[in-house]
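Residue numbers (this note's numbering), protein chains in the order written: chain Z, 1257 to 1691; chain S, 1257 to 1691; chain E, 1257 to 1691; chain Y, 1257 to 1691. Report on the structure given below.
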């Protein structure tokens, strides 16, 4: 979960009923979408924690609700009744200022409260949010700001819910499918990659508009970009298979030192969720165990692997600023790109004057470490704990994945993970210098 | 799970319809009892693994069923249809000879097969067992032997199911109760302990009768017992509180070296499941979080703690042979002693010419390491894997606990755990030399 | 050890005898200086490895010698006799392409070869280097390039030798001194800090001259610097004591999340080597255990601590580009600043129109992650393994410390360590935005 | 280090000058022998700790000296001057009652005090012991008792010194020899094993005479032994090679469960210090790396391996009581059997009416857990800390090894180690039931 310094702060047009209605609609649509995501799951599926990095579905559903209860309702709805005092302990994620909390690695032990009770909690909070929105206080710009944060926060957990369920199902010998694959797999070859040239120069980076953004997307500032080339599409499974067959996982000189020791310690031989069978390479996905599809973007690779692949290919990863530069000029309609399946999609053929697959397939590892922008200050108070506190030892990913909810992607968005982590829908796009 | 060399082997009186009927009755009663134990639990409670030593309820229910399927039905029921081929991988516990299996620490990830499907598995197997018992093959002494093992095996898992649920609920900040405590807690003081003298001499140890026993209870053999004294009742919570207040957990000289390093590393200050509150000491139990009851036997202590307590008290633990000697002469009616609650009970007042609380309160740590009896040989084949393979670094416990099912206790029974383990219902009884 | 792409490559003026003589002088002076650093130590002090990050003195002395043998003599001196074939295994550090090697954490087990034998190895190699320099081959620009690398490599290990000896002596309850403190400790208060303003703009970063530099200092390139302020001196022990007394180590909101978990796991309460006694705070140093000196720069702090301190002070750390900008304009005479003791020195009073203590006191944590400069390519071959392979998860430090040898510091130098490491002579200087 | 309750306590014949002289002679001979054992080592060899279980030679030399200083001189020599107050912290092993101490895993960091200073410490203490023995107090039975303990304690550390040096040299890629092998290796086949029958019955176990013994060898008591067979010699390397070639290390059914997981986790394929080369199997020893000698007893195996081998051979290990029974009736002259090399020796051919190789080759794993004898009480006070505190989770070894000093072996001696440990000179002898 990460926080914001909305540029809309204290400027909410209370006279603008339309804006308010849209916020309200998005709020309840988001709340409803979480339930839809959980619908294919049993209470058993929803309680278990696949690994320390992941959380149970039930925990996600409760935590985002606790967020609204704690940051919105307790403060702004007179007479709000706390649903259950024990939930602050159970469902606080990492807000040091909000008291002790259930240890993260033990979230999967919470068989109680039951899934049913968590759903009741959600209904209780939704009802209170409805009530709040009908009050004067509920129309304030401060409430609007907090609701906006809560919506975006819940959207982030919607993506985590899916990645965590995949981790859980992948650990199950029965290899269950979260949802059936809706069509026939297309095993044809990928489109050839084309290289786009960018001239560089002084570039404005970071969020500038009134729209929602997290605090770490600002302050907007200028940076100097050197000329670079960028691939018009993501690296594919077909290309990754070449890397494997060329002993990429066994060649020390391709790897960062930390990556090389991780590869050997963890015995990595392929992306996470890949397994070699007598019938060839298969990949566990939210649609179950399916053959590796050549033209699909590779997913579930770590930064170490992305970096090694780029070196093997004689290229490099783009910086987050190069990526943002390309995204700002691509003219892509983000809302239309989200996949209809929970699986990244092959790049469409056709004109190649701008990068494809910027949003909606996989998060794209950048060459940039996750650091504050010049002049960055985290917001005050508990709500402003954090994005900032993770600014060390992680790498920035840009774009959005097939698990990212609609409306939660933009060119300035900064995602971040440790270089060894690979349970996310993360892949890569290549870049290079201009010769 | 542990195995047997039934002395009844190949001697089953097939002409004895009464014996056969009793076996059949006990079989289905045992199968039914497992379901009764799971009845208070939700599917969520049944899927989670509290810690590596524990298993989920659902796993217990399926594993004991797999045992009947694998060792009885596959071999002896013509045309038996395997319920699900994947279950051999999922529900094998540790039989090296029966192929690869799901890793023990990951049993809690098996959200699928669902609890419903495991119940269907049980029904399928129970039906097949009914069918088997109506065939000629089902009346053989070999089938009787295997069913007897299966019954006893399932009984062991019934106890584990309860101890593992307690571990799970104790880790939950809501401190749920598996069942409500049926009466008012009796906080009166314990009966004073009385000391019983035993003369020692050559004593026959181990199982001799036709009744069921595990392989590790034999061969029956003679051993030389030196004169000893034995307490007529178990060590109580009241006495343990004195040990705590006398800084027992902070006094190095009372502890085995391994125990002392464990106490410090784990920061033990009291038995597992005890916690100090402003209202005094409480203890998590299957009835929820309740005050520590002075006259109840202490439970959930490790061997290290039991040994340190005995040293503090100027006594020692009895050897398993001393314990068995006392049990054989106590004349206790085992079937009547099992508690009506899932909590050890205070010793009854009254005559003290034999030890009380031998069975049905807590397992009792002995001073004996878990080793083979002279001439011990494990049975052949997979069914005969094990009891033997655990004979190192563990200590024997004798008796039976409040979680042990009716009919599963006897004076020659040898339970065993590592000296640091304390999630079992384990306590102690003191012994000493004759002055 | 880190590598270079000397801009002098293939351009060595073989006709320039003076340059050649200077190189030769510096080579043998450097070789001699390593022996001088080891002189106060016994063979026992020289063999032990204080911790995994550190290496034994004997290993340092042999490894730098192996470097000359392997990269210079084997390739360029006809008839060179390898001193001992086993040494390639023993004293290779991490060159994957040069075959298997003794595991790093076990360097301290090499009681043999003895210190005497390592000294003989050094003499053997020095003699061969003399011989090489009298040949034609020894006058080539390629040999000059390699010798320059070897000199700089040995200088890096000279600093490590001192930091590792300090780690060893600090772990010794006798708190031995590597050398006595040559004068009386000055316990007076530090000079007040003054703030210097920098206007920012397009700035050229990285090494441009013909002088020696490591590969990671280039390519030289332009970057955009925003206006900033920089403290004219380092943070002092006196200021650090205020941080401690203000519960800096116990205030979650000051810390990066990774830092906070490290502080708690490692139970950090002060910089490494500090200990509180009844007589106040003391600090283990190469001069033994001495009182903490208020005006001295704080040393042996991690990036986590440096970052938390800056946040506590309402400031931030400078980026490595800001630091380089300031260093380039400071006009400091680097060669004159090295301390006469192995302890950072208080800032001198006087004019404050440029930053003090840039070189020769402590390495200074920057806010920049250690990443490649635009267009960076590592040199080819084993000699060009590395600097590049460490470019993830580490932070850049700038400047030079009191343990850095004379002649081994410059404004473009990039040192790097993991954010938790603190056995180096590492401190900090504060920066901030222009208001 | 282990402690005693000498049966000679308070009964020392002060009028018996001869006894006193013998004690004095043995004391200084033992002190001198430690120096002789260290003579082949450099100060570098003496300071390093090969692994956590091992200690540096220098530490052994100092610790046994500290023992005399602390338990004898401080208490019984008026005006004794403590050599260095810091040494109590440095060289206390594990006496909880004697204050804090240097952590065991960090003993190898003590480069200071130097080896020279430790030798000076030894001389200082030896001189004081001489002085003590010339006083009246020095002739008391209490001093005699303590000196006897000190002698035996130092002898134990003499064996550890050798085993720990072997561990250190084995970790060195140069494979140094502690001493050259004095003769040609005899690669002939072992003598065939012969089986000796023992009738069993009531047997007195434990120490009964006036001679020195540790507390854990008593109280003497009767036990009931069942009839058994015992091999007349130790298991040889030739037999162990058969076990390896028969895939003994890869056959789960041969192993205890803890052993099997250890074999797999540690990837054991042979005894410790064995390595397979193109020229066949070699074994690191105190004589350097030498071919495995077929007729020599196997050494450096764990209890897990010994137990698995016995199962593979269709036999078992003897109990410690069976072993003692055989040793008591063997009529072996212990003092004559110690090897002239630091390597176990092949069994001599010839008459086979009693077991060979009882003492002086390898310690022999027994099937008995290390537990107190009936009525055992540890002595009071710090000197009486311990043997008792290790009585859990370990197995008894009987006999003595080629590294055990002369005069330190007897039929009742109980050595003990954890079942996974194998850096000791430990092997095995087979036993079985009478058919």
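The beta carbon of each residue, even a glycine, is placed where N, CA and C say it ideally should be.
For residue 1454 of chain Z, does the three-state DSSP call read helix, strand or coil? strand
Buried or exposed for residue 1520 of chain S, please, with buried defined as at least 16 other CB atoms from any protein chain shown within 10 angstroms of its CB. exposed
Compute the distance between the beta-carbons of residue 1458 of chain S and residue 1476 of chain S, then report whether it is under 9 Å. No; because the gap between Cβ atoms is not below 9 Å, this pair is not in contact.
Could you compute how far the alpha carbon of residue 1484 of chain Y sits from the alpha carbon of residue 1471 of chain S? The alpha-carbon of residue 1484 of chain Y is positioned some 21 Å away from that of residue 1471 of chain S.
Roughly how many angstroms lie between the CA atoms of residue 1398 of chain S and residue 1329 of chain S, to the nearest whole one? 12 Å
Under DSSP, the beta strand (DSSP E) around residue 1413 of chain Y begins and ends at which residues? First-last for residue 1413 of chain Y: 1397-1426, but that is the alpha helix (DSSP H), not the beta strand (DSSP E).
Which residues in chain Y sit within 8 Å of residue 1458 of chain S, going by Cβ to Cβ distance? 1480
Considering only DSSP beta bridges, list what residue 1492 of chain E is partnered with. By DSSP's assignment, residue 1492 of chain E forms a beta bridge with E:1553.
Can you tell me whether residue 1583 of chain Y is buried or exposed, with buried defined as 16 or more other CB within 10 angstroms of its CB? buried
Beta carbons nearer than 9 Å to chain C: which residues of the segment 1418-1450 of chain E have them? Of the protein chains in the structure, Z, S, E and Y, none is chain C.
Go through its chain and collect everything with a Cβ distance to residue 1592 of chain Z's Cβ below 6 Å, but skip five positions before and after it. Only weak support is given to the placement of residue 1592 of chain Z: the predicted model assigns it a pLDDT of 49, under 50, and the value that follows is read from those uncertain coordinates. Result list for residue 1592 of chain Z: empty, nothing under 6 Å.
Contact between the segment 1530-1541 of chain E and the segment 1644-1657 of chain E (3+ Cβ pairs under 8 Å): no
Taking residue 1365 of chain E and residue 1306 of chain Y to be in contact with their CB atoms under 8 Å, please state how far apart those CB atoms are, rounded to whole angstroms. 6 Å
Got a sec, what are the start and stop residues for the alpha helix (DSSP H) residue 1568 of chain Y sits in? 1559-1568
Given that residue 1468 of chain Z touches chain S, what residues does it touch there, using C-beta distances under 7 Å? Scanning chain S for C-beta atoms nearer than 7 Å to the C-beta of residue 1468 of chain Z yields nothing, as the closest lies near 34 Å away.
Between residue 1566 of chain Y and chain E, is the shortest Cβ-Cβ distance under 9 Å, so that the two count as touching? Not closer than 9 Å to any Cβ of chain E, the Cβ of residue 1566 of chain Y fails to qualify, so no.
Given 8 Å, three or more beta-carbon pairs between the segment 1290-1307 of chain E and the segment 1412-1425 of chain E: yes
Residues of the segment 1344-1372 of chain S in Cβ contact with chain Z at a cutoff of 8 Å, in chain order, please. 1345, 1346, 1358, 1362, 1364, 1365, 1366, 1367, 1368, 1369, 1370 and 1371
Tell me, which residues are paired with residue 1461 of chain Z by DSSP? Z:1477
When you compare only the Cα positions, how much space is there between residue 1317 of chain S and residue 1427 of chain Z? 21 Å
For residue 1340 of chain E, which residues of its own chain have a beta-carbon under 6 Å away from its beta-carbon, when the five flanking residues on both sides are left out? none
Secondary structure at residue 1649 of chain Z, three-state DSSP: helix, strand or coil? coil
Can you pull the chain E residues whose beta carbon is under 7 Å from the beta carbon of residue 1330 of chain Z, in chain order? Those do not exist, as residue 1330 of chain Z stays about 21 Å from chain E at its closest Cβ, beyond 7 Å.
Under the rule that 16 or more other beta-carbon atoms within 10 Å means buried, what is residue 1367 of chain E, buried or exposed? buried
Taking the straight line between their C-alpha atoms, what separation do you get for residue 1669 of chain Z and residue 1678 of chain Z? 19 Å
Taking only beta-carbon positions, decide if residue 1651 of chain Y is within less than 9 Å of chain S. yes
By the DSSP assignment, the beta strand (DSSP E) with residue 1288 of chain S in it spans what residues? No beta strand (DSSP E) holds residue 1288 of chain S; the alpha helix (DSSP H) holding it covers 1273-1294.
Spatial distance of residue 1435 of chain Y from residue 1578 of chain Y (CA atoms): 36 Å
How many whole angstroms separate the CB atoms of residue 1617 of chain E and residue 1553 of chain E, which I take to be in contact at a CB cut-off of 8 Å? 5 Å
Whether residue 1226 of chain Z touches residue 1381 of chain Z by CB criterion (9 Å): Since the first and last residues shown for chain Z are 1257 and 1691, residue 1226 of chain Z lies out of range.
I'd like the ranges of any beta strand (DSSP E) spanning at least 3 consecutive residues and lying wholly in the segment 1291-1351 of chain S. Counting only runs of 3 or more, we get nothing.
Paired residues, beta bridge with residue 1625 of chain Y - DSSP: Beta-bridge pairing links residue 1625 of chain Y to Y:1651.
Can you list, in chain order, the residues of the segment 1306-1333 of chain Z whose Cβ is nearer than 7 Å to any Cβ on chain S? 1306
So is residue 1559 of chain Y in contact with chain S if we call contact Cβ pairs under 9 Å? Yes, contact with chain S.
Can you say whether residue 1685 of chain S is buried or exposed, counting buried as having 16 or more other CB atoms within 10 angstroms of its CB? buried
Could you give the distance in angstroms between the alpha-carbon of residue 1449 of chain S and the alpha-carbon of residue 1660 of chain S? 25 Å
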